[in-house]
Each structure stands twice: as structure tokens, then as C-alpha cells.
Amino acid sequence: MLERLGDRLPKFSEEEKKLLLNSLDFLGLNHYTSRFISHATSCSEESYFYKAQEMERIGNNFHVYVFMSICDLYTNVLSNYQLNGKGVKRLAASEWLYIVPWGLRKVLNYIARKYNNPPIYITENGMDDEEDNSLPLSEILDDKLRVHYFKGYLAAVAQAIKDGAGVRGYFAWSLLDNFEWAQGYTKRFGLVYVDYKNGLTRHPKSSAYWFSRFLKGGEKKNGKEN
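1 is the number of the first residue of the sequence shown in UniProt numbering; add one for each residue after it.
Here it is in C-alpha cells:
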């Protein structure tokens with residue numbers, strides 16, 4: 001970061017550093033998937049995902065410079081998502097979204113160890129379906145894979161809490177199908193189906209009914225029904 005930003009980085013006095021240390025009220029974590037990586041021995045100039053993007057706030061001279069390198073941040077993502085025979089194979093609609101519940105437990109425990117166990121709120125966690133108008137509505141609403149996803153990830157959260165991680169809250173992404181910043185209306189993350197072509201009519205999916213039972217205590221350990 002020093003190399004990329006130089007003197008544009010803010011400078012803090014010793015007193016300010018003390019005020020900042022462990023001063024957060026909670027940590028908000030968005031988590032969808034996990035991936036295996038390996039060390040990259042070199043990075044080409046072409047590896048930069050965003051090159052010194054400059055964004056100017058309208059109306060004044062405030063500038064934000066964004067530098068991000070996929071090579072620097074992620075190094076070599078293993079394309080087959082396998083390491084030591086431990087595969088990650090189940091995939092949601094998006095090509096990057098593999099279903100890896102144990103990855104969430106690991107990151108929660110890492111945060112707890114590394115950062116003095118702050119209060120953690122999981123602010124986003126969920127998976128997507130493809131927008132497919134060729135399917136009958138009954139089939140679209142029967143989202144068994146999403147139920148499987150939430151069972152696994154909520155079990156992982158419960159395990160992390162038993163491990164001692166300070167998880168205080170969990171937000172599923174999302175209640176409704178919505179407009180995604182990068183993918184628009186082509187992917188559906190909702191527990192409730194939104195019919196974009198017919199007055200935004202809403203239809204609860206199987207996952208919505210499952211979540212309702214879960215919140216009412218109608219599910220046993222690991223999501224199995226009573």
C-alpha cells in the first residue's frame with residue numbers, strides 16, 4: 001500500500017493511533033463463498049484489476065484513488081478449487097459462488113483470534129439462482145439448493161459460536177430477489193421470488209418457509225426437521 005499510495009496515505013499522531021486501536025463497535029462481515037489460493041511468485045502489470053481509478057465527488061475537489069490487484073490480493077486462485085483431496089464442488093448460479101460452509105467457520109475463528117474477538121455481525125450471506133423464464137413457477141420456487149446452503153452455513157455459524165467467536169447476528173441475503181450491482185436482474189438471491197414482469201408480485205420460495213420454521217425453532221441441529 002505504501003508503494004501504491006505513497007504520501008496520499010493519511011498520517012496519524014500517536015494519540016490518534018491509541019484512540020483508533022480496538023475502537024470499533026462491531027465488525028460487519030459479508031460472506032458468500034471460500035476459495036483455495038497459492039502464493040504467486042510474480043505479478044505482471046496486466047494483473048491489476050483496477051488501475052489507479054480516480055473517482056471525483058461532484059461539487060468539490062475530493063478524490064479517492066483505488067488500487068487493486070487480483071495478483072496482490074488473491075495470488076493464484078486454484079481453478080479446480082481443490083487442495084489435498086478436499087474438493088469444493090457445489091456451485092450456485094454465479095461462477096464464483098461455491099458452497100463452502102466450513103469456510104465461514106474458519107474466517108469467523110480467524111477474526112476472533114487475530115482481532116481480539118470483536119462483536120461480529122454477518123451482514124450478508126446467501127446464494128443465487130439463474131433468471132430462467134422457461135421454468136414453471138412451481139419449479140422456480142422449489143429452491144432446494146438454497147435450503148441446503150443455509151442449513152450448512154448456519155450450522156457453521158453455530159459451530160463458530162461454540163468455538164468462542166463473538167457472533168452477535170446474522171442477515172440472510174436476501175429477503176427478496178433484487179437488482180445486483182454487477183449482474184442486474186440476471187441472478188436471484190431472494191428467499192422470496194419477485195415477478196418483475198407482473199407488477200412485482202411476490203411468491204415465497206421453499207427457502208422462505210424453511211427459514212420461517214428455523215426461526216420458530218422448528219428445526220433440529222444442522223437443519224433437520226423435527
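Think of the CB as a built atom: it goes at the ideal place given N, C-alpha and C, for glycine as much as any other residue.
Task: The alpha helix (DSSP H) enclosing R168, as first and last residue numbers - done: Segment 167 to 170 is the beta strand (DSSP E) holding R168; no alpha helix (DSSP H) there.
Task: 8 Å contact criterion, which G126 and Y32 should meet: CB distance rounded - done: Contact flag correct, Cβ pair sits at about 7 Å.
Task: Closest residue to L29 among G103, I122, E14 (Cα-Cα distance) - done: Nearest to L29 by alpha-carbon distance, out of G103, I122, E14, is I122.
Task: Burial state of A92 (16 or more Cβ within 10 Å) - done: Buried, since its Cβ has 16 or more Cβ neighbours within 10 Å.
Open item on the list: Which same chain residues end up closer than 8 Å to V192 when comparing Cβ atoms and leaving out the 5 residues on each side of it in sequence?
Closed with: Correct list, in chain order: L175, L176, D177, R202, H203, P204, K205, A208.
Task: Simplified DSSP state of P101, which is helix, strand or coil - done: The DSSP-derived three-state label of P101 is helix.
Open item on the list: Going by the DSSP bridge assignment, what does P204 pair with across the sheet?
Closed with: Answer is V192.
Open item on the list: Please confirm whether M127 has its beta-carbon closer than 9 Å to some beta-carbon of chain B.
Closed with: Looking at the structure shown, chain B is missing, and only one protein chain is on hand.
Open item on the list: Could you check whether A158 and I120 sit closer than 9 Å to each other, using their CB atoms as the reference points?
Closed with: For I120 and A158, no; Cβs fall outside 9 Å.
TODO: Quick one: give me the first and last residue of the beta strand (DSSP E) that Y121 is part of.
DONE: Y121 -> beta strand (DSSP E) spans 120 to 124.
Task: Own chain residues within Cβ distance below 6 Å of D132, not counting five before or after - done: So the list is empty, once near-sequence residues are dropped.
Open item on the list: Taking 8 Å as the cut-off, is the beta-carbon of K18 closer than that to any non-hydrogen atom of the ligand NAP?
Closed with: Among the components of this structure there are no ligands whatsoever, and the ligand NAP is therefore not found.
Open item on the list: To the nearest angstrom, how far is the alpha carbon of K144 from that of L24?
Closed with: Whole-angstrom Cα-Cα distance: 38 Å.
- [ ] Give the straight-line distance between the Cα atoms of S138 and E16, rounded to the nearest whole angstrom.
- [x] Looking at the two C-alpha atoms, the distance is approximately 58 Å.
Open item on the list: Can you list, in chain order, the residues of its chain with a C-beta nearer than 6 Å to that of Y149? Leave out the 5 residues immediately preceding and following it.
Closed with: Setting aside the 5 residues that flank it on each side, Y149 is surrounded in the same chain by I99, M127, each with a C-beta closer than 6 Å to its C-beta; the list follows chain order.
Open item on the list: Beta-carbon within less than 6 Å of K224's beta-carbon, same chain only, minus the 5 sequence neighbours each way: which residues are those?
Closed with: With a pLDDT of 45 at K224, under the threshold of 50, the predicted position of this residue should be treated as unreliable, and no value is reported.
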